[in-house]
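Below: the structure, in structure tokens.
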Amino acid sequence: MNLQLKEIITTIDEMGDLSQTAIDEARARQKVLAKPTGALGTLEDISIQLAGITGKVKNDMKKQAIVIMSADNGVVEEGVASAPQSVTLSQTINFTRHYTGVSSMAKYFGIDLLVVDMGVKMTIPPQLYTDQMTEHGCSDTGCKRGLTGKIVNRSLGRGTKNLAKEPAMTEEDALRAIMTGMEAAEAIKREGYDIFGIGEMGIGNTTTSACVLAALCGKTGDDVVGRGGGLNDEGLSKKIRIVDEAIAGLDSSDVAGILAKVGGFDICAMVGAFLGAAYYKMPVVIDGYISAVAALAAVRLAPKCKNYMFGSHQSKEKGYLVAMDALGVEPYFNLGMRLGEGSGCPISFKIIETACATMNGMATFAEGAIDADYLEEGKKGNFF
Numbered sequence: 001m002n003l004q005l006k007e008i009i010t011t012i013d014e015m016g017d018l019s020q021t022a023i024d025e026a027r028a029r030q031k032v033l034a035k036p037t038g039a040l041g042t043l044e045d046i047s048i049q050l051a052g053i054t055g056k057v058k059n060d061m062k063k064q065a066i067v068i069m070s071a072d073n074g075v076v077e078e079g080v081a082s083a084p085q086s087v088t089l090s091q092t093i094n095f096t097r098h099y100t101g102v103s104s105m106a107k108y109f110g111i112d113l114l115v116v117d118m119g120v121k122m123t124i125p126p127q128l129y130t131d132q133m134t135e136h137g138c139s140d141t142g143c144k145r146g147l148t149g150k151i152v153n154r155s156l157g158r159g160t161k162n163l164a165k166e167p168a169m170t171e172e173d174a175l176r177a178i179m180t181g182m183e184a185a186e187a188i189k190r191e192g193y194d195i196f197g198i199g200e201m202g203i204g205n206t207t208t209s210a211c212v213l214a215a216l217c218g219k220t221g222d223d224v225v226g227r228g229g230g231l232n233d234e235g236l237s238k239k240i241r242i243v244d245e246a247i248a249g250l251d252s253s254d255v256a257g258i259l260a261k262v263g264g265f266d267i268c269a270m271v272g273a274f275l276g277a278a279y280y281k282m283p284v285v286i287d288g289y290i291s292a293v294a295a296l297a298a299v300r301l302a303p304k305c306k307n308y309m310f311g312s313h314q315s316k317e318k319g320y321l322v323a324m325d326a327l328g329v330e331p332y333f334n335l336g337m338r339l340g341e342g343s344g345c346p347i348s349f350k351i352i353e354t355a356c357a358t359m360n361g362m363a364t365f366a367e368g369a370i371d372a373d374y375l376e377e378g379k380k381g382n383f384f
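For the sequence shown, counting from 1, position 369 maps to 369 in the working numbering; every step adds exactly one.
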């Protein structure tokens, strides 16, 4: 582990606690809002956690972004994916055109995307690239300030190596990818976003995620491997075997080593973005399976990262609940989704906004001229 990453982890360890004063004040306000105790359930928990992050009881989470890390994975040579790698290229481009699942939602809700090429195998047209994560300036079509609308070029190569035969990447490349994730989080913070989510695109990355998760949690391939985008029975059996063989002998405490040997450029960058959320004290939303695995790896590196994480949808991918259980973070909804891309994040943002709206806008019993004495019996008997 390089010195810069060690310093980041140390900073999170030393400064990653939430504001207990703000948490106490938020809890106190929830108790006097005009409702039975705990009646808003998880929405109350969200508002209290946000208070701990921002240091304010009342929050607005209206300026939102999603970072999408794109990369290909050499392990697809083994027949563990149902889709061709050309899909990684097409969808990475389509994110910027708002043609995909997540980008269509983002366009509708006014959410900005930060699309980063970490190692797409096929050639992205040069005119779609930029070296900058943010864009400032004016033209005939208007002024732009914020995240770039192009694909940010941070490619570490034409996909990783085949983890079934050799390490997916060097530890140096894994660390470079992590630092790119940190760079993305810093750009989002600098541009004044209130909250962001973390997604991905990369054929074969349910295999890399399964490897990382199994290695971190001492699981077998059968515990964490699913069908990804629609793998047949033969492919599923091969995928389980490859995961078991790839993780043999890996040390669960060596997070950077696991990421280098069996991870992907996209996952490593996502780990860095989760670390960055904690480092820059920003709320961050976990998407589906791959995002959850990256979040878990970040928490294993810096446990206080968890303080800044929020759930979204319950993925249908088999290992998702394994990762979330290990994290201790609950998904907020289950719509049978298994798309990836960060597609759960826009929906979660709306739930989080709802939590803010109730905390900010509800009247207290006193403000609403409501006699709350009728609730006392329920409080004493814990009937809520």
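Every residue, glycine too, gets a C-beta built ideally from N, C-alpha and C. As the structure is a prediction and not an experimental result, all values here were calculated from the model.
Please state whether the Cβ-Cβ distance between G74 and V225 is less than 8 Å. For the purposes of this step, residue 74 is taken as the residue at position 74 of the sequence shown. For the purposes of this step, residue 225 is taken as the residue at position 225 of the sequence shown. Not closer than 8 Å, so no.
Spatial distance of N334 from T354 (CA atoms): Locating residue 334 in the sequence shown gives position 334, where the first residue counts as 1. Locating residue 354 in the sequence shown gives position 354, where the first residue counts as 1. Approximately 18 Å between the Cα atoms of the pair.
- [ ] Measure the beta-carbon distance from F365 to V32 and round it to whole angstroms, keeping in mind my assumption that it falls under 8 Å.
- [x] Walking along the sequence shown from the start, residue 365 turns up at place 365. Walking along the sequence shown from the start, residue 32 turns up at place 32. Rounded, the Cβ-Cβ distance is 6 Å, consistent with contact.
field: Beta-carbon proximity list for E317, same chain, < 7 Å, skipping 5 on both sides
entry: By one-based count along the sequence shown, residue 317 stands at place 317. T206, G226, G288, Y289, R338, listed in sequence order.
- Three-state secondary structure assigned by DSSP to A248: Looking up residue 248 in the sequence shown gives position 248. Coil, per DSSP.
Could you check the C-alpha separation between M169 and M309 for me, to the nearest Å?
Position 169 of the sequence shown holds residue 169. Position 309 of the sequence shown holds residue 309. Computed Cα separation, rounded: 27 Å.
Among S312, K150, E341, which has the Cα closest to the Cα of F349? Here residue 349 refers to the residue found at position 349 when the sequence shown is read from its first residue. The candidate whose alpha carbon is nearest that of F349 is S312.
query = Cα separation between S86 and F265?
reply = What you label residue 86 is simply residue 86 of the sequence shown in a count that begins at 1. What you label residue 265 is simply residue 265 of the sequence shown in a count that begins at 1. Cα to Cα, S86 sits roughly 17 Å from F265.
By a C-beta neighbour count over all protein chains shown, 10 Å radius and 16 as the cutoff for buried, is D363 buried or exposed? On the sequence shown, position 363 is the one that residue 363 refers to. It should be pointed out that residue 363 corresponds to Ala in this sequence rather than to Asp. Classification of A363: exposed, given that the 10 Å Cβ count is below 16.
If we call anything under 8 Å between Cβ atoms a contact, is S427 one with I198? Since the displayed the chain opens at 1 and closes at 384, residue 427 lies outside it and no answer follows.
inquiry  = Measuring only the C-alpha atoms, how far is L259 from S209?
reply    = Locating residue 259 in the sequence shown gives position 259, where the first residue counts as 1. Locating residue 209 in the sequence shown gives position 209, where the first residue counts as 1. If I take the Cα positions, the gap works out to 9 Å.
Open item on the list: Just to confirm before moving on: does the CB-CB distance between D112 and G157 stay below 8 Å?
Closed with: Position 112 of the sequence shown holds residue 112. Position 157 of the sequence shown holds residue 157. No, the Cβ-Cβ distance between D112 and G157 is not below 8 Å.
Practice problem: Could you tell me whether the segment 225-242 touches the segment 77-95, where touching means 3 or more Cβ pairs closer than 8 Å? | Solution: yes
**Prompt:** DSSP on F310, reduced to helix/strand/coil?
**Reply:** What you label residue 310 is simply residue 310 of the sequence shown in a count that begins at 1. Correct three-state label for F310: strand.
Discussion item. Let me make sure I understand the geometry here. Which of L50, K306, S343, G263 has the alpha-carbon closest to that of C211?
Written reply: Numbered from its first residue, the sequence shown carries residue 211 at position 211. Nearest C-alpha to C211: G263.
Review point. Does the beta-carbon of S253 have 16 or more other beta-carbons within 10 angstroms, so that it is buried, or is it exposed?
Key: Along the sequence shown, one-based indexing puts residue 253 at 253. Its Cβ having fewer than 16 others within 10 Å, S253 is exposed.
Based on the DSSP output, what are the partners of A71 in its beta bridges? Locating residue 71 in the sequence shown gives position 71, counting from the first residue. Beta-bridge pairing links A71 to G119.
*Do T100 and N94 have their CB atoms nearer than 8 Å?*
Taking the first residue of the sequence shown as 1, we reach residue 100 at position 100. Taking the first residue of the sequence shown as 1, we reach residue 94 at position 94. Against a cut-off of 8 Å, the Cβ pair of N94 and T100 comes out as a contact.
Does the distance from the CB of M69 to the CB of M133 come in under 8 Å?
Here residue 69 corresponds to residue number 69 of the sequence shown, with the count starting at 1. Here residue 133 corresponds to residue number 133 of the sequence shown, with the count starting at 1. Against a cut-off of 8 Å, the Cβ pair of M133 and M69 comes out as no contact.
- Query: Is the segment 264-282 close to the segment 11-29, with three or more CB pairs under 8 Å?
  - Reply: yes
* Residues of its chain near N59, where Cβ-Cβ distance is below 6 Å and the 5 sequence neighbours each way are ignored -> Counting from 1 along the sequence shown, the entry for residue 59 is found at position 59. Hits under 6 Å: L50, C356.
Cβ-based burial, F109 [other Cβ within 10 Å; buried from 16]
If you number the sequence shown from 1, residue 109 lands on position 109. Result: exposed.
Check your understanding: What is the DSSP secondary structure of L385, counted as helix, strand or coil?
Key -> Limits of the chain in this structure are 1 at one end and 384 at the other, which puts residue 385 out of reach.
Under the assumption that K150 contacts T96 (Cβ atoms under 8 Å), give the Cβ distance between them as a whole number of angstroms. In the sequence shown, the residue the question calls residue 150 occupies position 150. In the sequence shown, the residue the question calls residue 96 occupies position 96. That belief holds up - the Cβ atoms of K150 and T96 are roughly 6 Å apart, short of 8 Å.
Range covered by the beta strand (DSSP E) that runs through E200
Reading the sequence shown from its first residue, position 200 is the one you call residue 200. From DSSP, the beta strand (DSSP E) with E200 extends over 195-201.
Nearest-angstrom Cα separation, counted from A164 out to A246: What you label residue 246 is simply residue 246 of the sequence shown in a count that begins at 1. What you label residue 164 is simply residue 164 of the sequence shown in a count that begins at 1. Taking the straight line from one Cα to the other gives about 6 Å.
Practice task
Compute the Euclidean distance between the alpha carbons of M201 and E341, then round it to the nearest angstrom.
Solution key: The count along the sequence shown starts at 1 and reaches residue 201 at position 201. The count along the sequence shown starts at 1 and reaches residue 341 at position 341. Approximately 6 Å between the Cα atoms of the pair.
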